[in-house]
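Accompanying notes for the structure given below.
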Amino acid sequence: QKEVEQNSGPLSVPEGAIASLNCTYSDRGSQSFFWYRQYSGKSPELIMSIYSNGDKEDGRFTAQLNKASQYVSLLIRDSQPSDSATYLCAVNRRQTGANNLFFGTGTRLTVIP
Amino acid sequence: GAVVSQHPSWVICKSGTSVKIECRSLDFQATTMFWYRQFPKQSLMLMATSNEGSKATYEQGVEKDKFLINHASLTLSTLTVTSAHPEDSSFYICSARPARLTSGEQFFGPGTRLTVL
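Protein sequence lines correspond, in order, to chains A and B.
Numbering of the first sequence is given in our numbering, commencing with residue 1 and proceeding in unit increments.
Numbering of the second sequence is given in our numbering, commencing with residue 1001 and proceeding in unit increments.
The structure is reproduced here in structure tokens:
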């Protein structure tokens, strides 16, 4: 079982719609959760972080965390063509150590004008 | 804040030569930096974790003698690809974790695109 799993997509939504990106993780003790956006040919950019159960909103982005279900999601409202990118879910495990951030393989989102 | 730079942004070299890539945290101190490699249309692959003042920790399958990592200060880590070959052509990305943060997030540099002829 992978540490972090995402549907690779591609996910296509029309402009103005809500895009829903999902991620599950295997370590129940994970504490911090992040969403990164990666445009083609560019490096990942941190767009959201969430640490406790529930929703966290930042502009058009809402991160949702459900630790009981080991599930984290990212909603993008009023999707724009500029949101077309690969979205990486990352999870910080409980243990300390040199690398405790695990990345999913990413979901490719295309917003159709 | 949390800006990470990489230099060079791209490099083309001949097979057999060595290439050094620098990763700098510009506005924070990073006790830990990470080096990733990404082939086209594939996901990030962690190569090694670089800790200031100590030896790097390499992931399984990554040759430490080929990919030399030095983390001499709290703001600088370097990756040297020695005796580069065409199969080493890839997008190399570093990230840094601010020492002041305990939540684990990493901030990425813009990446270095390496092409070995």
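Using N, Cα and C, we set each Cβ at its ideal position, and we do this for glycine too.
query                                                                                                                                                                : result
Relative to chain A, which residues along the region 1087–1109 of chain B have a C-beta separation below 7 Å, given in chain order?                                  : Ile1093, Ser1103, Gly1104, Glu1105, Gln1106, Phe1107, Phe1108, Gly1109
Counting C-beta neighbours from all protein chains within 10 Å, is the total for B/Thr1017 16 or more, i.e. buried, or is it exposed?                                : exposed
Tell me whether the beta-carbon of A/Ile115 lies closer than 7 Å to the beta-carbon of A/Ser12.                                                                      : Here chain A covers residues 1 to 113 and nothing more, so residue 115 of chain A does not appear.
Note down, in chain order, each residue of its chain lying with its Cβ closer than 6 Å to the Cβ of A/Gly9, except the 5 sequence neighbours on either side.         : Thr107, Arg108
Can you name the start and end residues of the beta strand (DSSP E) that A/Asn66 belongs to?                                                                         : 61–66
Report all residues from its chain with a CB closer than 7 Å to the CB of B/Glu1022; omit the five preceding and five following residues, and keep chain order.      : Gln1006, His1007, Leu1076, Thr1078
I'd like to know whether the C-beta atoms of B/Leu1074 and B/Gln1029 end up nearer to each other than 7 Å.                                                           : yes
Please check if any C-beta of chain A sits within less than 7 Å of the C-beta of B/Ser1043.                                                                          : yes
Which same chain residues end up closer than 8 Å to B/Val1062 when comparing Cβ atoms and leaving out the 5 residues on each side of it in sequence?                 : Met1047, Ala1048
Output the boundary residues of the beta strand (DSSP E) element that contains B/Lys1020.                                                                            : 1019–1025
Do we get a CB-CB distance below 7 Å when we pair A/Asn92 with the residues of chain B?                                                                              : yes
Does chain A have any CB closer than 7 Å to the CB of B/Gly1111?                                                                                                     : yes
Once the 5 residues before and after A/Asp27 are set aside, which same chain residues still bring their CB inside 6 Å of it?                                         : Arg93
Is B/Glu1052 helix, strand or coil by DSSP?                                                                                                                          : coil
In chain order, what residues of the same chain have a beta carbon less than 8 Å from the beta carbon of A/Pro44, not counting five sequence neighbours either side? : Tyr36, Arg37, Gln38, Leu88
Could you check what DSSP says for A/Ser52 in three-state terms: helix, strand or coil?                                                                              : coil
May I have the straight-line CA-CA distance separating B/Phe1135 from B/Ser1090, to the nearest angstrom?                                                            : The structure shown has nothing for residue 1135 of chain B, since chain B only spans 1001 to 1117.
In chain order, what residues of the same chain lie with their CB nearer than 6 Å to the CB of A/Thr110, ignoring the 5 residues before and after it?                : Pro10, Ser12, Ser84
Rounded to the nearest angstrom, how far is the Cβ of A/Gln64 from that of A/Tyr25, given a contact under 8 Å?                                                       : So it is not a contact: roughly 14 Å between Cβ atoms.
Check this for me: beta carbons of B/Val1116 and B/His1085, under 7 Å apart or not?                                                                                  : yes
Mark B/Glu1105 as exposed unless 16 or more other C-beta atoms lie within 10 angstroms of its C-beta, in which case mark it buried.                                  : buried
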